[in-house]
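Novice:
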Amino acid sequence: MGTNVRLALKALMQNRLQAMLTLLGMSVGVAMVVVVFGLGLGAQRSIESQIERAGPTRVMIRAGNYVPPGVDTTGQYDSSGGELSGGSVSLGMGGEYSGTIDMSKFGAVADARESARKAKRTRFMSPATPLGEAEIAAARAMANVRAVSGELAGNVSLDDGAGLPANIVRLIGFGPDGPDMSGWKVLEGRLPNPFEHRGWAPVAVIAPAVAQRLWPNAKSPIDKTLPIAGMEAKIIGVVDADAAGGALVPMVYVPSSLAMKLLGRDDYDSIAIRTTSIAETSAVAKAVSEKLRELHDLPEDMVNDFRVETQSNAALPVLGSDPRMARAVHSNSKGLEEATWVEMAKSLRQAGRTFTLLLAGAAAVSLLVGGIGIMNIMLVSVAARTREIGLRMAVGARAHDVMLQFLVESVTLSTLGGLCGIGLGIGGLLISEYGLHWATALSPAMMVIAVAMAAITGVAFGLGPARAAARLDPVVALRSE
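All residue numbers in the sequence shown are consecutive under the working numbering, ending with 1313.
(1) How many Å lie between Lys-1066 and Gly-1010 at the Cα?
(2) Thinking C-alpha only, which one of Pro-1306, Ala-1273, Leu-1274, Ser-1242 is nearest Thr-1289?
(3) By how many angstroms is the C-alpha of Glu-1265 removed from the C-alpha of Arg-1303?
(4) Apart from the five residues just before and just after Gly-1202, which ones in its own chain have a Cβ nearer than 6 Å to its Cβ?
(5) Taking the straight line between their C-alpha atoms, what separation do you get for Ala-973 and Ser-1121?
(6) Which class does Lys-1017 belong to by DSSP, given the choice of helix, strand or coil?
(7) Between the alpha carbons of Glu-1220 and Val-1214, how many angstroms are there, rounded?
(8) Reducing DSSP to helix, strand and coil, say where Arg-1217 ends up.
(9) Shortest alpha-carbon distance to Val-865 belongs to which of Phe-1006, Ile-1254, Pro-1276?
(10) In the structure shown, what three-state DSSP assignment does Arg-953 receive?
(11) Please state whether DSSP places Gly-982 in a helix, a strand or coil.
(12) Where Leu-967 and Ala-1271 are concerned, what is the direct C-alpha to C-alpha distance, given to the nearest angstrom?
(13) Give me, in chain order, the residues of the same chain whose beta-carbon lies closer than 7 Å to that of Gly-1069; leave out the 5 immediate sequence neighbours on both sides.
(14) Within 10 angstroms of its Cβ, does Ile-1263 collect 16 or more other Cβ (buried), or is it exposed?
(15) To the nearest angstrom, report how far apart Arg-1217 and Arg-877 are at their CA atoms.
(16) Taking DSSP's pairing of strands, which residues face Gly-1005 in a bridge?
(17) Mapping the DSSP letters down to three states, classify Val-977 as helix, strand or coil.
(18) Give me whichever residues DSSP pairs with Lys-1093 in a beta bridge.
(19) Determine contact between the segment 1290-1298 and the segment 1226-1241, defined as no fewer than three beta-carbon pairs at a distance below 8 Å.
(20) Restricting to Cα atoms, I'd like to know which of Ala-851, Leu-849, Leu-871, Leu-853 is closest to Leu-1268.
(21) Can you give me the start and stop residues for the alpha helix (DSSP H) that Arg-1299 sits inside?
(22) What first and last residue would you give for the beta strand (DSSP E) that runs through Gly-1069?
(23) Using the Cβ count rule (16 or more neighbours within 10 Å means buried), how would you classify Leu-916?
(24) Measure the beta-carbon distance from Val-1071 to Trp-1032 and round it to whole angstroms, keeping in mind my assumption that it falls under 8 Å.
(25) Based on the DSSP secondary-structure assignment, which residues constitute the bridge partners of Arg-892?
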């Protein structure tokens, strides 16, 4: 095989112009394949990202049990049914949980929780139990949960002499999974790393609008500092987290550990959970509600001292004051999510696949043209080397050996074209992403498939000329000029 490859390369070097033109045709075909798959995969990921950002797999836990106006709160809590029998709506019970939470690990939050238990409770009203690491640990241990992030917020004053247009900023504390759950895109710089999340590192990220508001004359806010409580918080990234950046008070995003230190707190305002799929959102919400009731030691006839919200449940107050309508929608919320978000996702993915198939047709035509070019140069090569073929057969070469020689030459030519095509394809994707701002993606599997398709094209279009060479009569071949 090594000898055949060397002979193939030597033959290609002897016909450089023809080989280069054939390589160009094959390279364009493979580049089209890479670009098509890159655009298709990028479009699919973009669709999934947009759906994720819309919130169908997001479950929010909030402290307190405030019920929006228009939702009836008469009646008694029914732990088995997951709703108030008088018509009110509560994110109900159910689901499974395995594992135990040791409250002794969570110090001050455990004390605050104990104080909340001592406050006055009724069947319809409970004091807000703080949300802390115990709740986060419980959520992480549940099935079908992909990510969990505690969130807290508060206004802080900038130190005197900061020389900035704003005197107050709103700190938004987020966990390591927060940016991914919210679908943030890093526009400049970077996000906090795990060590910065754990160690109160004075780092922050902001939205472009905040950067323009705080440093209107600066080209970039990276490495700028915000003096807060005697600490210099360095801006390390710009993200598309909030388009307005806060209508009145600039929003600054920091690790939750730093936010707790600066705000003097050890609890969260809310806990965000991302489920593994849209269909599991309601089931996870129910399981979380049940586990938190157990964690907060709530009697069966007591309402929740927290709220668990999904996107469909958050829309319930809009339905009006009729409790029957709210109860009907809530009892079918899982079906609602599946009927809307799942179907929407399927429709968008199908549109993406159709787009990819249309482009794949163009890529197939390009590969076909490249294959025809390979067949053409191989037929010319066989015709030009007829005497050589006859001489090889005269000294003992079998028809199989001759066929293999020309087949290896064809595959070598097509594979070299495939490798060049990968480079062209990557260049095309880079232009699409940074020049045209299209969503693109690259994967090693894509490149392997592209080279494999090039090699298969070489075999398919080189087989005919190779068989023609193998069928030559040695006597006739030796007489040719």
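Even for Gly, the Cβ is constructed at its ideal location relative to N, Cα and C.
Specialist: According to the structure shown:
(1) 19 Å
(2) Ser-1242
(3) Between Arg-1303 and Glu-1265, the C-alpha separation is close to 51 Å.
(4) Gly-857, Met-858, Gly-861
(5) Cα to Cα, the separation comes out at about 14 Å.
(6) coil
(7) 9 Å
(8) coil
(9) Ile-1254
(10) Summary for Arg-953: the model assigns pLDDT 49, below 50, so the residue's position carries little reliability; its value from the coordinates is reported in the next sentence. Of the three classes helix, strand and coil, the one that applies to Arg-953 here is coil, per DSSP.
(11) strand
(12) Going by the sequence as given, residue 967 is Glu instead of Leu. Their Cα atoms are separated by approximately 37 Å.
(13) Val-1018, Glu-1020, Gly-1021, Arg-1022, Leu-1023, Val-1037
(14) Ile-1263 is classed as exposed because its beta carbon has fewer than 16 other beta carbons within 10 Å across all chains shown.
(15) Each residue's alpha carbon lies about 51 Å from the other.
(16) Leu-984, Val-1086
(17) strand
(18) Answer is none; Lys-1093 lacks a bridge partner.
(19) yes
(20) Leu-871
(21) Its alpha helix (DSSP H) spans residues 1276-1302.
(22) 1063-1071
(23) Here Leu-916 scores only 36 on pLDDT, less than 50, and its place in the model should not be relied on; the value that follows carries that caveat. The Cβ neighbour count for Leu-916, taken over all protein chains shown within 10 Å, is at least 16; the residue is labelled buried.
(24) In fact, because the Cβ distance is near 21 Å, the residues do not count as touching under 8 Å.
(25) Going by the sequence as given, residue 892 is Met instead of Arg. Ala-1104, Glu-1141, per the DSSP bridge assignment.
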